[in-house]
Amino acid sequence: MRSTGYRRTVAALSVCSLALAASACGSGDDTASGKTRITVNCMPPKSAKVDRRFFEQDIASFEKQNPDIDVVAHDAFPCQDPKTFDAKLAGGQMEDVFYTYFTDPKHVVDINQAADLTPYVKELKSYDLLQQQLRDIYTVDGKIYGIPRTGYSMGLIYNKKLFAKAGLDPEQPPATWAELRADAKKIAALGDGTVGYADYSAQNQGGWHFTAELYSQGGDVVSADGKKATIDTPEGRAVLQNLHDMRWTDDSMGSKQLLVINDVQQMMGSGKLGMYLSAPDNIPILVKEKGGDYKDLALAPMPGGKGTLIGGDGYMVNKKASPDQIRAGLKWLDHMFLRPGAGFLGDYARAKKADAPVGLPEPRLFTGAADTKDQQVKKANANVPVENYQAFLDGNQSLRMKIEPPNAQQIYSVLDGAVSAVLTKKDADIGQLLKDASGKIDGILARS
330 MRSTGYRRTV
340 AALSVCSLAL
350 AASACGSGDD
360 TASGKTRITV
370 NCMPPKSAKV
380 DRRFFEQDIA
390 SFEKQNPDID
400 VVAHDAFPCQ
410 DPKTFDAKLA
420 GGQMEDVFYT
430 YFTDPKHVVD
440 INQAADLTPY
450 VKELKSYDLL
460 QQQLRDIYTV
470 DGKIYGIPRT
480 GYSMGLIYNK
490 KLFAKAGLDP
500 EQPPATWAEL
510 RADAKKIAAL
520 GDGTVGYADY
530 SAQNQGGWHF
540 TAELYSQGGD
550 VVSADGKKAT
560 IDTPEGRAVL
570 QNLHDMRWTD
580 DSMGSKQLLV
590 INDVQQMMGS
600 GKLGMYLSAP
610 DNIPILVKEK
620 GGDYKDLALA
630 PMPGGKGTLI
640 GGDGYMVNKK
650 ASPDQIRAGL
660 KWLDHMFLRP
670 GAGFLGDYAR
680 AKKADAPVGL
690 PEPRLFTGAA
700 DTKDQQVKKA
710 NANVPVENYQ
720 AFLDGNQSLR
730 MKIEPPNAQQ
740 IYSVLDGAVS
750 AVLTKKDADI
760 GQLLKDASGK
770 IDGILARS
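Counting in the numbering used here, the sequence shown runs from 330 upward without gaps.
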């Protein structure tokens with residue numbers, strides 16, 4: 330699942346609709362006036378003025394450096410709509426170079442819609458600089474089918490001001506779920522509508538967070554072979570029992586439930602919420618849109634100490650793309666997204682001048698000297714309190730990074746029911762909820 334606000338602003342999907350002819354978006358003729366022509370998507374919409382300007386500037390500089398390549402970018406919102414993604418692929422409507430979530434690569438390969446990039450990546454300057462675990466996401470059966478662009482991992486956003494007011498140490502966020510429960514109870518005791526901890530439980534977001542919480546305790550949603558649910562376990566029961574007890578025994582989660590991300594962000598931005606699970610990208614939204622203050626918002630690693638959910642995005646290349654288009658597409662990706670301290674997401678000096686937040690702890694794509702350079706440029710242009718995120722950076726070093734399960738959205742829909750039940754029904758039967766959910770997930774996996 331995408332973490333809202335993942336980039337400086339929300340990104341975009343191709344404007345190409347299924348009604349358009351295939352040549353409008355897909356490969357078609359790869360030459361235009363003697364140039365290699367490629368279509369790409371995920372250009373920020375016109376409403377995202379700053380990011381749109383940056384994107385257009387970077388395409389212009391790329392075309393100036395590569396006069397033999399013509400880039401045609403498409404925009405809309407969001408970058409990928411799961412409801413139309415498969416239909417666009419099957420109908421030949423997808424761009425030559427197209428945006429994907431980390432959960433997409435194997436599926437796109439399985440339906441034979443991805444170009445094999447293995448023979449070409451040696452021409453990609455920055456590929457070997459990328460983190461191996463991110464490269465692995467786009468490697469299927471030993472072949473490379475995509476290039477990662479960004480990555481995020483879940484953590485705990487907390488309000489330092491409320492921690493201090495509740496007598497807690499703002500520099501010592503909870504490291505276990507037991508500590509989180511105790512801290513949430515103290516924060517809720519402040520009264521005046523203050524909530525200690527909030528969680529999502531609707532629109533598939535409850536299932537998403539259940540998964541993150543399960544990973545944090547060392548559990549998993551699906552077996553290693555992808556055939557069976559593995560949620561009816563001590564770790565799965567611990568997740569639901571903890572939520573139930575905070576809601577009904579401690580009264581630290583407030584009475585309003587069936588929350589989604591916007592509800593929780595509003596609570597945190599208004600200073601009425603102590604903690605919630607999120608990726609770093611939420612912090613600018615809390616400040617820019619919800620009334621929060623950077624100095625009050627800090628980030629800690631996932632409680633539990635065993636794992637964290639990771640997500641992110643990247644690009645794949647259309648199966649119909651010619652060799653020249655593949656090479657052009659990889660050059661474009663390298664220029665736009667894979668240069669340490671430069672490009673659309675890495676030009677921190679440009680972002681700072683535009684009053685975009687610089688200094689958040691993610692994304693972190695590179696390794697070795699490339700990562701060092703990227704972090705140095707980011708630090709030199711930081712305009713947010715980076716010290717508030719150090720605990721997150723330090724703690725993540727020891728966590729197991731786990732991608733979302735297969736058929737994630739369908740599974741999250743099932744898990745929503747279990748999470749919402751324990752938060753709205755005091756007598757919810759946790760064992761039965763997990764048993765029922767397991768059966769439904771087994772059915773989803775059997776059909777995939």
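No residue lacks a Cβ here, since even glycine has one placed at the ideal position from N, Cα and C.
Can you tell me whether DSSP reads residue i as helix, strand or coil?
i	result
Y623	helix
Y529	coil
D642	strand
Y430	strand
D574	helix
A750	helix
I398	strand
D281	Nothing about residue 281 can be reported from this structure: the residues present for the chain run from 330 to 777 only.
P477	strand
A443	strand
A558	strand
D415	helix
T505	coil
V524	strand
A348	Residue placement at A348 cannot be trusted, given a pLDDT of 33 that sits under 50; what the coordinates show is reported in the next sentence. A348 falls in the coil class under three-state DSSP.
N647	strand
V616	helix
K454	coil
Y544	helix
A353	Since pLDDT at A353 reaches only 43, below the 50 mark, its modelled position is unreliable, and no value is offered.
Y718	helix
A657	helix
P652	helix
G670	coil
A377	coil
P789	Because the chain in this structure spans residues 330 to 777, residue 789 falls outside the shown range and cannot be described.
L587	coil
Across which residues does DSSP place residue i in a beta bridge pair?
i	result
G484	S607 and P630
F695	L459
G536	Bridge partners of G536: none, in fact.
G636	R729
M372	D404
T468	I473
L602	V524
V551	A558
Give me the residue from the options with the minimum Cα distance to residue i.
i	options	result
L826	A504, D771 and V713	Residue 826 lies beyond the residue range present for the chain, which begins at 330 and ends at 777; the question has no answer from this structure.
I486	V593, Q705, A698 and Y449	V593
G525	A495, G536 and W537	A495
A608	A720, G420 and M483	M483
K708	E392, A698, F695 and P690	P690
Q726	A629, G621 and R381	A629
V687	A678, H436 and K769	A678
F406	G420, D425 and R381	R381
I590	G697, A698, S584 and D610	D610
M575	P434, K702, G475 and A518	A518
G600	A513, F673, K681 and L491	L491
K764	A747, T523 and I655	A747
V646	G583, I476 and G555	I476
S362	K375, I398 and G520	I398
D756	Y623, L588, V469 and T578	T578
F538	V379, I516, A507 and L572	Checking the sequence shown, residue 538 turns out to be His, not Phe. Of the listed residues, the one whose Cα sits closest to H538 is L572.
T368	V715, Y456, A720 and Q654	Q654
H403	F391, M372 and Q394	M372
Ordered along the chain, which non-local residues of its own chain (more than five positions away) have a Cβ less than 7 Å from that of residue i?
i	result
R478	D642, G643, Y644 and F666
G547	E564, K635 and G636
D745	S530, A531, N533, G535 and G536
D561	L763, K764 and S767
Quick one: residues in its chain with C-beta nearer than 8 Å to the C-beta of residue i, no 5 flanking neighbours on either side, listed in chain order?
i	result
L509	L485, P503, Y526, M604 and P632
A351	With a pLDDT of only 36 at A351, under the threshold of 50, the placement of this residue in the model should not be trusted, and no figure is reported.
V551	K557, A558, T559, P734, P735, I740, I770 and L774
E618	Q594 and G598
R668	S455 and G675
Leaving out five residues on either side along the sequence, give the residues of the same chain with a beta carbon under 6 Å from the beta carbon of residue i.
i	result
T447	K472 and I473
T753	Q586
V706	G670 and Y677
Is residue i close to the ligand NAP? I mean its beta-carbon at under 7 Å from any heavy atom of the ligand.
i	result
L638	Absent from the structure shown: the ligand NAP. Ligands present: none.
Exercise. Would you call the stretch 537-550 and the stretch 566-579 in contact, with 3 or more CB pairs under 8 Å?
Worked result: yes
For this session: Spell out a yes or no on whether the stretch 732-746 and the stretch 766-776 are touching, meaning 3 or more CB-CB pairs, one atom from each, closer than 8 Å.
Result: yes
Exercise. Do three or more CB pairs link the stretch 427-447 to the stretch 630-642 at distances below 8 Å?
Worked result: yes
For this session: Inspect the CB distances between the stretch 618-637 and the stretch 720-730 and report whether three or more fall short of 8 Å.
Result: yes
Problem set entry | Inter-stretch contact (C-beta, 8 Å, three-pair minimum) for the stretch 443-460 and the stretch 651-660 | yes
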